[in-house]
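Top to bottom, those sequences are chains A and B.
Residue numbers for the first sequence follow our numbering, so the first one is 1 and each next one is one higher.
Residue numbers for the second sequence follow our numbering, so the first one is 80 and each next one is one higher.
Below: the structure, in structure tokens.
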Amino acid sequence: MLVVWLVGSPLRAGPQAAEDTHAAERQRLEAARDAKYREIRELELDHRTGKLSDEDFRALDRQLRAEAVAILRELDALA
Amino acid sequence: MPTLGRALILLALAVALYGIVAALVGARTGRRDLVDSARRAVYALAALTTGAFVLLELAFLRDDFGWEIVASHSSSTTPLFYKFTAVWSSQEGSLLLWVWLLSLWSSLALFLTRRRLRDVVPYATAVLLGFGAFFAALLAFLESPFTVLAAAPSDGVGLNPLLRHPSMMIHPPMLYSGYTLFAVPFAFAVGALARRRVDADWIAATRRFALAAWLLLGTGILLGARWSYAELGWGGYWAWDPVENASLLPWLTGTAFLHSIMLQEKRGMLKVWNASLILATGTLCVLGTFLVRSGILDSIHAFGASTLGVPFVTLIAVIIAGSIALVVSRRDALRSEHRLDSMLSREAVFVANNVVLVGLAFVVFWGTFFPLIAEALTGERKSVGPPWFDRYTVPLALVLTLLSGVGPVIAWRRATWRNARRAFALPVAAGAATAVACAGFGLTEHAGAAIMFALAAFVAATVGQELWRGVGARRAMSGEAVPSALVSLVRRNRRRYGGYTVHLGIAVLFVGIAASSAFQDEREVRLSPGQSASVGAYDVRYVRSTGEISLGDAWIEKIDFGAVLEVRRDGRLVETLRPERGFYPSRDQRLGPLGQFFEGEATSEVGLKAGFWRDVWTAVQPDTQALQPIVERADAGFAKATEGLTAEQRAGVLGLTLNQFVARYREDPPPATFRLIVSPMVAWMWIGALIAISGGLIALWPAPDAARRRATARAAARVAQDLGRA
Chain A
1 MLVVWLVGSP LRAGPQAAED THAAERQRLE AARDAKYREI RELELDHRTG
51 KLSDEDFRAL DRQLRAEAVA ILRELDALA
Chain B
80 MPTLGRALIL LALAVALYGI VAALVGARTG RRDLVDSARR AVYALAALTT
130 GAFVLLELAF LRDDFGWEIV ASHSSSTTPL FYKFTAVWSS QEGSLLLWVW
180 LLSLWSSLAL FLTRRRLRDV VPYATAVLLG FGAFFAALLA FLESPFTVLA
230 AAPSDGVGLN PLLRHPSMMI HPPMLYSGYT LFAVPFAFAV GALARRRVDA
280 DWIAATRRFA LAAWLLLGTG ILLGARWSYA ELGWGGYWAW DPVENASLLP
330 WLTGTAFLHS IMLQEKRGML KVWNASLILA TGTLCVLGTF LVRSGILDSI
380 HAFGASTLGV PFVTLIAVII AGSIALVVSR RDALRSEHRL DSMLSREAVF
430 VANNVVLVGL AFVVFWGTFF PLIAEALTGE RKSVGPPWFD RYTVPLALVL
480 TLLSGVGPVI AWRRATWRNA RRAFALPVAA GAATAVACAG FGLTEHAGAA
530 IMFALAAFVA ATVGQELWRG VGARRAMSGE AVPSALVSLV RRNRRRYGGY
580 TVHLGIAVLF VGIAASSAFQ DEREVRLSPG QSASVGAYDV RYVRSTGEIS
630 LGDAWIEKID FGAVLEVRRD GRLVETLRPE RGFYPSRDQR LGPLGQFFEG
680 EATSEVGLKA GFWRDVWTAV QPDTQALQPI VERADAGFAK ATEGLTAEQR
730 AGVLGLTLNQ FVARYREDPP PATFRLIVSP MVAWMWIGAL IAISGGLIAL
780 WPAPDAARRR ATARAAARVA QDLGRA
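Spelled out as structure tokens, the structure:
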């Protein structure tokens, strides 16, 4: 009885539709944004620990930030 | 109680089947209530299997010999700890452990993702419940742990003496935790492919499960190696035994997966590869469970005898066919978003590392399955031994070690030769200096080991240099003292520095393996008390024999025959070792009260002097053949002397006979065979493993929320600034 109650409780409220179609896309973009931020931080650490020259760092950092900007724009468009 | 156990398993099966249907219907119709209900079915599966597991444990702890599983795997004299762990020494108990652990990890994964990946989760839920239903069905219809005997025996058979070792009792839950944790990323990969949502979100949601699986599976493998070294009496820790290999396979592919997912997370690359790797890893986990449990590794003919053969092969075939179909049908969505910017980049190193790891897995797979393939094709049993494995795995391990040093110091995306030269100068110098030192000490005749030492020094230098430079950068930013800068650096970049620590640990572990394999001295000698033998730089003298009777709670547990050995170096006493061989009685009463001890199980207690630089390892094999005439005479005398006596009087006479027999062995033993091994740097293997485990824990531990928020806010501010400029 307990098992039936536990498993069946979401059904008692009646059929519930899935959330709006934008939600999955928003989650995808938020995950991509967070990953891009992590990448920017990794790049900074690589630069500070001497793995990248200033010139390479500036070029790559600019590119990553542009990619992050594009993701933020897509997020804004969804909102 | 057994009826309740059976009911819980049947209910678990019903709940799992319901959950699969609810999840799939919910996914197709978009009904969230059905998907939520399916998630709760996973929670219910966890509760039901927990109940079943607790019942089984109680039966073992209460010595309920009416249960077939308890009677055949425990006894009233089995120590409490081993009663508790004997549950998973049986096939039925280990299958219940599998589904129980699976249900716990699945519940945790689905709870953590209850508001994320809503389109992927229903499929992942169905896959996880599919595994749950499969194992619950095995427990319900083929291998029930709740079978009751028609007549309960007064005592049980007891736990296999070989398994009475703490490592061996913790080893199965570790392996099974690894296998079942890998089911989580496997299930989410299937869900992501089914929904064509193949970005890195499913990876981010399940990465920690994959890492925990890798960590626990690796720990399980290590405990198995430790048990082999301390308990099996052959002197090694790894024999390329098929059962060992079965657990190593998913660990290797899982290691490759943990590296290659970083490329998908950062660059949207290797999507096909990552999906294929985790699907292969999940399949290998099921295969590993099947191989150990079916007996098929001993012979292909065991397949027919095993009740698990057909169901497991069907499941594995379905997983392989489904995985291939999913990856092929989604190949358009799995196209990489970027290409390699440069061959001189961390991405390129990761790709090479994956090729080597998968190459290693292929070698292990081929060597493990070759006997089965040969037997199936030719009817003849052929097998490959350790030299075959060594021929292929040693070069691959050397390349892997090299790559694990190169990876940390090379930049993502694109490194320049100038930066690379600067970054590699110190590590290469450390590796070269070690190589020269090896040549100076005359170690070059074992070229593989000498190269491994040099490469390990290279890896240690890269990790040290990375930490040093990271601390320097941190101090320049914050002005912290060195220790607190180091802690802050690692805390804020746990994945990076945890990974580097793992690299260091694996390099140290490989040094231990290389040194102990290449420079081991080993002898097998037959000695009488007073005689000596030399092994390596040590002299080992057999001082005297030992013999004693080990009593359980109510009866004689075993007879121990052993030796006292004095180990000397340059005439100086280094250690006194006491290897023993324990003889457990067979249950066949026809063998005679004394004879039964020498026809049952026997275990070794090795005499070991473990040290940082070398281990002196000894095992004794008493000559039981030489004792046979004495045993037969004693048994015949016992039978004659105890005619017409009561059971109590017979027990008294038996005790007397055994004591006389053991005393006689102590005073006048026949020559015994000794295995004497001097292995350098075995301790480095265990130390390296502990370093790797701590690195895994660092990488696994969640980043502090505050730090994550600050970092995100800082990065967001910078990006927002650009947005303003754009």
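Built from N, CA and C at the ideal position, the CB exists for glycine as well.
Check, Outcome
"Beta-carbon spacing of N324 (chain B), V443 (chain B) below 8 Å", "yes"
"F662 (chain B) and I638 (chain B) closer than 8 Å at C-beta", "yes"
"One or two residues paired with W281 (chain B) in a DSSP bridge", "Answer by DSSP bridge pairing: none, since W281 (chain B) is not bridged."
"Identified DSSP bridge partners for S41 (chain B)", "This structure cannot settle anything about residue 41 (chain B), because the visible part of chain B is limited to 80 through 805."
"F144 (chain B) - DSSP class collapsed to helix/strand/coil", "coil"
"Cβ neighbours of S424 (chain B) in the same chain (closer than 8 Å, five flanking residues each side left out)", "I489, A490, W491, R492, R493 and A494"
"R197 (chain B) beta carbon near the ligand FAD (any heavy atom closer than 7 Å)", "This structure lacks the ligand FAD; in fact it carries no ligand of any kind."
"Proximity of D618 (chain B) and P672 (chain B) at Cβ, strictly below 8 Å", "no"
"Buried versus exposed call for I398 (chain B) [16 or more other C-beta atoms within 10 Å across all chains shown]", "buried"
"Neighbour-count burial assignment, K36 (chain A), 16 or more Cβ in a 10 Å radius", "buried"
"Exposed unless 16 or more other CB atoms sit within 10 angstroms - verdict on F520 (chain B)", "exposed"
"With 16 other Cβ atoms within 10 Å as the buried cut-off, status of H30 (chain B)", "The shown model of chain B, from 80 to 805, leaves out residue 30 (chain B), and the question about it has no answer."
"Opening and closing residue of the beta strand (DSSP E) in which T655 (chain B) lies", "R651 to L656"
"Cutoff 6 Å; reference E310 (chain B); Cβ partners in own chain excluding five residues on either side", "H244"
"7 Å CB neighbourhood of W692 (chain B) in its chain, flanking five on each side removed", "P759 and M760"
"Paired residues, beta bridge with W696 (chain B) - DSSP", "B:L687 and B:I756"
"Distance between beta carbons of T204 (chain B) and A117 (chain B), contact taken as under 8 Å", "5 Å"
"Among B:V206, B:A219 and B:F163, the one whose alpha carbon lies nearest that of L34 (chain B)", "Within the shown structure, residues of chain B are numbered from 80 to 805, placing residue 34 (chain B) beyond reach of any answer."
"Sub-8 Å separation of G577 (chain B) and G257 (chain B) beta-carbons", "no"
"8 Å Cβ cutoff, A23 (chain A) in contact with chain B", "yes"
"Residue of B:T128, B:A106, B:R111 and B:T82 minimising C-alpha distance to A813 (chain B)", "Limits of chain B in this structure are 80 at one end and 805 at the other, which puts residue 813 (chain B) out of reach."
"Within-8 Å CB hit, T393 (chain B) to chain A", "no"
"Any chain B beta carbon closer than 8 Å to D46 (chain A)", "yes"
"For M1 (chain A), the nearest candidate out of B:R418, B:W763 and B:L87 (CA to CA)", "B:L87"
"Residues of the stretch 484-513 of chain B with Cβ closer than 9 Å to any Cβ of chain A, in chain order", "V488, I489, A490, W491, R492, R493, A494, T495, R497, N498, A499, R501 and A502"
"Inter-residue CB distance, G237 (chain B) and S169 (chain B) (contact presumed, cutoff 8 Å)", "That belief does not hold up - the Cβ atoms of G237 (chain B) and S169 (chain B) are roughly 13 Å apart, past 8 Å."
"Within-8 Å CB hit, P232 (chain B) to chain A", "no"
"Given L331 (chain B) as reference, the closest of B:L779, B:L439 and B:L217 once Cα atoms are compared", "B:L439"
"Spatial distance of H582 (chain B) from V622 (chain B) (CA atoms)", "45 Å"
"Residue range of the unbroken alpha helix (DSSP H) whose run includes A431 (chain B)", "R425 to T457"
"Under the three-state DSSP convention, the category A751 (chain B) falls into", "strand"
"F662 (chain B): first and last residue of the uninterrupted beta strand (DSSP E) it sits in", "E659 to F662"
"Cα-Cα separation, E727 (chain B) to T697 (chain B)", "40 Å"
"Simplified DSSP state of K350 (chain B), which is helix, strand or coil", "helix"
"Selected residue, minimal CA-CA separation from G690 (chain B), among B:R745, B:V757, B:F753 and B:G626", "B:V757"
"Neighbour-count burial assignment, A13 (chain A), 16 or more Cβ in a 10 Å radius", "exposed"
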